[in-house]
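Right, one structure below, let's go through it.
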Amino acid sequence: MVNNIQIIYFEGDNSYLSWCKIGYTVSSLKEMDDTQIFVDNVNINNINESIEKIKCNNPSIIIVFLKSKTYNLAKSFINTYKKDIASVFICGCHTLATSFPKKILEDNSNIDSVIFGEEDIIAYNLCKTLFANESLENCSGIAYKNGKEVKVNTPFISNYKMDDLPFPDRYEFPHNKKFFHILGSRGCLGNCSFCNMNVLYKNNIMLRQKFRSIDNIVTEIDYLVNEFDCKYVGFSDSTFCGIKDKYSPIYRLKELYNSLSYKEYNIQFFLNMRAEQITEESIIWLEKLNEIGLSIIFIGFESFNNNDLKLYNKIATCKENINAVRLINKSLLKNKHGFMIDLQYGFINFNPYSTLENIKENVNYLRKFELKLTPKILLSKIAVHHGTAIHKRLVKDNLCSSEVKFYDSTIEYKFVDSKVNRLYNILHNFFKDIDFGNYDHYSILYNRYINLYGITDFIVSLNKTYKQYLILQSDFCFNIFCEAIQNINIINENKYDYNFNENITFEKLKNNKMKLDNKLNRLYIELARINQLSYF
């Protein structure tokens with residue numbers, strides 16, 4: 001007899017990275033004998049149609065991925081489906097289920113079980129247990145209903161090797177580009193007070209981060225190139241490298257270079273690193289990787305003052321952040337081989353305890369080191385998630401703006417300093433109507449062009465315009481920030497529509513922006529078109 005399992009993800013999970021994560025569960029379940037796996041995306045517009053389609057699949061088990069943003073949609077689907085097919089076993093999993101296993105079951109009479117932890121492995125064990133008609137009490141990593149009682153089993157003990165996991169399934173998801181995320185590890189070395197991304201692994205009694213070997217990662221790249229004609233890879237781990245031995249930055253970056261440098265194919269890729277991992281030696285290998293496709297490095301600096309970094313429970317100090325930026329500016333951004341590396345960074349300019357002095361210090365450091373200053377960075381505000389350390393502190397200090405439900409995706413809060421609140425609202429009110437283009441993938445397209453066609457008049461003109469645009473964008477944002485800071489005491493407490501148009505420098509920047517907008521957008525569209533044509 002063939003057993004049918006249905007996997008459901010929801011509208012908010014419709015992204016390449018989500019598909020990669022869900023794909024691990026799909027590939028894990030596909031390893032079961034005599035089992036057929038169905039995968040569907042449900043959104044608010046197709047819920048009834050999806051239910052009828054899923055009924056035709058006749059699953060005995062439905063596994064739903066539960067996240068804060070799509071929780072109400074998931075509830076609607078579950079309740080409607082269970083009303084028609086009461087016998088189906090419905091299990092919730094992923095970040096929300098892991099954070100609140102008992103609450104999820106108490107809040108949903110139609111959910112039979114939830115997985116807390118690594119859903120791919122635990123889902124496999126759960127389904128095997130159910131198909132064998134065995135008791136759920138020995139299935140670790142789940143909570144379930146036993147009559148009216150909710151039972152929470154022991155956490156799943158993570159003793160597997162990452163290289164033993166099957167690659168995530170890619171066939172069940174509608175990839176319409178040649179870009180794929182790859183996860184080379186699970187977990188995180190850090191323990192940031194604002195982060196809820198590591199929740200899947202915190203309950204699993206494991207090391208903070210487990211890594212795949214570089215050989216295993218490159219084998220997956222080979223597979224993606226051969227099967228899907230992959231051109232771009234995003235290494236989307238919290239950090240690509242560990243601390244020591246074969247997981248250290250030097251070892252992993254060197255191994256990645258040695259493994260990719262002899263490949264006949266050429267891919268562009270990005271990876272995430274930590275500020276404290278940027279050293280003169282790691283820079284050498286990042287430079288080498290740039291020659292064979294590394295186009296973007298992402299580092300979560302978050303702040304350039306130690307008060308903020310302590311609040312965020314960051315490992316790196318302000319000194320280590322500054323050292324990382326200096327090394328990258330000195331070597332990586334010099335474009336020695338004709339290729340480009342784009343430094344993208346995480347930043348939190350506003351938090352509930354921010355002071356004007358700390359914010360000014362942050363912006364001045366960004367300016368000093370010529371880091372891209374954008375409206376998004378200037379307005380970057382800490383996102384507070386339920387159950388995180390920063391959320392617990394806000395509750396203690398009575399700074400949450402309203403009552404919080406466990407499935408709220410983010411929590412609104414108040415600023416301690418009223419002037420900080422005023423500054424944030426002034427900037428937000430101004431920039432909401434200012435449109436700067438999104439060129440986050442410029443370095444990827446640029447490097448691919450250089451690799452295929454070399455340095456041409458077209459790419460020289462484009463790159464000159466792009467650099468002018470970045471300088472203008474930073475000048476624009478810095479000018480507005482300084483104007484707001486200088487006039488913070490005379491701006492009405494509850495009125496944030498300050499007239500920046502009286503600033504002569506601002507008017508000049510605004511006019512130059514319009515001219516560069518048109519020119520860069522036209523050239524960038526041409527670059528993207530050439531990139532598309534090169535696929536064939």
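Going left to right, the sequence shown walks through residues 1 to 536 as full-length UniProt numbering numbers them.
Heads up, the beta-carbon is just placed ideally off N, CA and C, and yes, glycines get one too.
Handout entry: Nearest-angstrom beta carbon gap, residue 484 and residue 394 [assumed within contact, 8 Å]
Key = That belief does not hold up - the Cβ atoms of residue 394 and residue 484 are roughly 25 Å apart, past 8 Å.
Handout entry: Those residues which DSSP pairs with residue 413 across a bridge
Key = 400
Exercise for the section: Return the CA-CA distance between residue 522 and residue 47, expressed in angstroms with no decimal places. Expected result: 40 Å
Practice task
Report the three-state DSSP secondary structure of residue 4 (helix, strand or coil).
Solution key: strand
Handout entry: Top-ranked residue by Cα proximity to residue 174, from 41, 285 and 413
Key = 41
Problem - First through last residue of the alpha helix (DSSP H) which encompasses residue 55 - result: 47-57
Practice task
For residue 340, count neighbouring Cβ atoms within 10 angstroms of its own Cβ and tell me buried if that reaches 16, exposed if not.
Solution key: buried
Practice task
Please determine if the region 61-73 and the region 370-384 are in contact, where contact requires at least 3 C-beta pairs separated by less than 8 Å.
Solution key: no
Problem - Pick from 251, 285 and 236 that is closest to residue 271, judged by C-alpha positions - result: 236
Handout entry: Where residue 264 sits in the DSSP three-state scheme
Key = coil
Problem - N- and C-terminal bounds of the beta strand (DSSP E) containing residue 234 - result: 232-235
Practice task
Give the DSSP-derived three-state secondary structure of residue 88 in the structure shown.
Solution key: coil
Practice task
Look at the alpha carbon of residue 205 and the alpha carbon of residue 426, and state the distance between them as a whole number of angstroms.
Solution key: Low local confidence applies: a pLDDT of 49 at residue 205 is under 50, so the model's placement there is unreliable, with the coordinate-based value given in what follows. Taking the straight line from one Cα to the other gives about 46 Å.
Exercise for the section: Count the other CB atoms, across all protein chains shown, that sit within 10 Å of the CB of residue 443; report buried if there are 16 or more and exposed otherwise. Expected result: buried
Practice task
Please classify residue 349: is it buried, with 16 or more other beta-carbons within 10 angstroms of its beta-carbon, or exposed?
Solution key: buried
Practice task
Assign residue 274 to buried or exposed, taking buried as 16 or more other Cβ atoms, counted over all protein chains shown, within 10 Å of its Cβ.
Solution key: buried
Exercise for the section: Determine the extent of the alpha helix (DSSP H) in which residue 282 is found, giving its start and end residues. Expected result: 280-291
Exercise for the section: Would you mind stating whether residue 410 and residue 385 have Cβ atoms separated by less than 8 Å? Expected result: yes
Exercise for the section: Within the same chain, show all residues whose beta-carbon is closer than 6 Å to that of residue 420, passing over the 5 residues directly before and after it, in chain order. Expected result: 354
Problem - When 33, 437 and 264 are compared against residue 518, the one with the closest alpha-carbon - result: 437
Practice task
Any chance you could list the beta strand (DSSP E) runs of at least 3 consecutive residues sitting entirely within the region 102-186, in chain order?
Solution key: 113-115, 142-146, 149-152 and 179-182
Problem - Beta-carbon proximity of residue 27 to residue 249, cut-off 8 Å - result: no
Exercise for the section: Starting from residue 351, follow the beta strand (DSSP E) in both directions and report where the run begins and ends. Expected result: Counting along the chain, residue 351 falls outside any beta strand (DSSP E), and DSSP gives it neither H nor E.
Problem - Bridge partners - residue 40, DSSP secondary structure assignment - result: 8
Practice task
Give the DSSP-derived three-state secondary structure of residue 435 in the structure shown.
Solution key: coil
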